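Add 117 to the 1-based position in the sequence shown for the working numbering, that's all there is to it.
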Amino acid sequence: MSDDFHDAACHCGTVRFRVRLADGFNTARRCDCSFCRMRGAVAVTARLDDLHFIAGQENLTLYQFNTGTAKHWFCKTCGIYTHHQRRSDPSQYGINVACIAGASPFDFAEVVVTDGINHPSDGPSGIAGILRFQRP
118 MSDDFHDAAC HCGTVRFRVR LADGFNTARR CDCSFCRMRG AVAVTARLDD LHFIAGQENL
178 TLYQFNTGTA KHWFCKTCGI YTHHQRRSDP SQYGINVACI AGASPFDFAE VVVTDGINHP
238 SDGPSGIAGI LRFQRP
């Protein structure tokens with residue numbers, strides 16, 4: 118595990134935080150669920166206790182959908198996704214690589230894609246079975 122904290126911020130700099138990654142950038146991945154696919158971000162893993170806000174936490178807005186377990190945070194000013202609390206492991210955050218100073222999602226030759234369409238929490242039918250029966 119890395120003991121190094123990384124500086125991170127949204128695009129406009131209103132939301133600023135420091136984060137220690139669970140295994141450096143080795144956890145870089147994308148998800149293919151409907152939301153992550155549209156968001157397009159590469160995320161790396163951090164434990165809940167390893168994210169510390171320097172400024173702007175009050176400027177974050179929360180988005181939840183489907184089961185409401187995952188929590189996705191965005192800067193209210195610039196709209197950038199900064200991090201989310203994972204549905205697959207609520208003791209972890211996924212941190213937007215693009216928010217980390219000196220890092221870019223284009224730094225990775227390959228990024229693992231996790232199967233968010235058939236999420237393990239959804240049982241054998243996957244998320245498609247749940248969405249089929251939901252009404253707005």
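Just so it is clear, CB atoms sit at the ideal spot from N, CA and C, and this is done for glycine as well. Only a predicted model underlies this, so the values are computations on that prediction, with no experimental measurement involved.
Output the distance between the C-alpha atoms of residue i and residue j, rounded to the nearest integer angstrom.
{"i": "Ala125", "j": "Ala158", "result": "15 Å"}
{"i": "Phe182", "j": "Ala226", "result": "31 Å"}
{"i": "Gln209", "j": "Arg203", "result": "6 Å"}
{"i": "Gly141", "j": "Asp232", "result": "22 Å"}
{"i": "Cys150", "j": "Ile212", "result": "17 Å"}
{"i": "Ile244", "j": "Gly196", "result": "At Ile244 the pLDDT is 41, less than 50, meaning the model places this residue with poor confidence and gives no usable figure here."}
{"i": "Gly219", "j": "Gly185", "result": "32 Å"}
{"i": "Phe122", "j": "Ala139", "result": "10 Å"}
{"i": "Gln174", "j": "Trp190", "result": "10 Å"}
Tell me whether residue i, by its Cβ, gets closer than 7 Å to a heavy atom of the ligand GTP.
{"i": "Ser208", "result": "What this structure holds is no ligand at all, so the ligand GTP is not there to describe."}
Quick check on residue i: buried or exposed, where buried means 16 or more other Cβ atoms within 10 Å of its Cβ?
{"i": "Arg154", "result": "exposed"}
{"i": "His200", "result": "buried"}
{"i": "Thr178", "result": "exposed"}
{"i": "His169", "result": "exposed"}
{"i": "Tyr180", "result": "exposed"}
Identify which residue in the options has its Cα closest to the Cα of residue i.
{"i": "Ala172", "options": "Phe122, Val228, Val132", "result": "Val132"}
{"i": "Lys193", "options": "Cys129, Asn143, His201", "result": "Cys129"}
{"i": "Asp206", "options": "Gly196, Ala163, Asp224", "result": "Ala163"}
{"i": "Asp224", "options": "Ala160, Trp190, Asn176", "result": "Ala160"}
{"i": "Arg134", "options": "Gly185, Asn176, Val229, Ile234", "result": "The amino acid occupying residue 134 in the given sequence is Phe; Arg does not appear at that position. The shortest Cα separation from Phe134 among Gly185, Asn176, Val229, Ile234 belongs to Asn176."}
{"i": "Asn235", "options": "Cys148, Thr144, Cys127, Asn143", "result": "Cys148"}
Short of 7 Å in beta carbon distance, which residues of its chain neighbour residue i, apart from the five on each side in sequence? Order them along the chain.
{"i": "Asp167", "result": "Val136, Arg137"}
{"i": "Cys127", "result": "Cys192, Cys195, Ile197, Thr199, Cys216"}
Leaving out five residues before and five after residue i in sequence, what residues of the same chain have Cβ atoms less than 6 Å from its Cβ?
{"i": "Ala215", "result": "Pro222"}
{"i": "Val229", "result": "Arg146"}
Fully enclosed by the stretch 124–157, which beta strand (DSSP E) runs are 3 residues long or longer?
-> 133–137, 139–142, 146–148
Would you mind listing the beta strand (DSSP E) stretches within the stretch 207–235 that are 3+ residues and don't spill past its ends, in chain order?
-> 209–213, 229–231
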